[in-house]
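This report concerns only the one structure given below.
In full-length UniProt numbering, the protein residues as written are 1 to 77.
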């Protein structure tokens, strides 16, 4: 929980950065006069992480193994 109370009403608008091990939150804080404009609770909903499929990445093998080869090479003296 984060609780913030302004110490002045003379333009206390500011920003707040909250870093966690999973997300970074950038919040803009503004003092409002109407109760209808206030936010009392802020909740974030995250999508489910993608499920791992049974597909295993197969080794494509050595790309040099095949009918096409570079050559012929000659050694310079």
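Using N, Cα and C, we set each Cβ at its ideal position, and we do this for glycine too.
Along the chain, where does the beta strand (DSSP E) that runs through residue i open and close?
| i | result |
| --- | --- |
| residue 28 | 24–29 |
| residue 18 | 14–19 |
In whole angstroms, what is the alpha-carbon distance linking residue i and residue j?
| i | j | result |
| --- | --- | --- |
| residue 46 | residue 25 | 13 Å |
| residue 82 | residue 21 | Nothing in the structure corresponds to residue 82, since the chain is present only between 1 and 77. |
| residue 3 | residue 61 | 57 Å |
| residue 14 | residue 40 | 17 Å |
DSSP on residue i, reduced to helix/strand/coil?
| i | result |
| --- | --- |
| residue 41 | coil |
| residue 35 | helix |
Taking 9 Å as the cut-off, decide whether the C-beta atoms of residue i and residue j are in contact.
| i | j | result |
| --- | --- | --- |
| residue 6 | residue 31 | yes |
| residue 42 | residue 29 | no |
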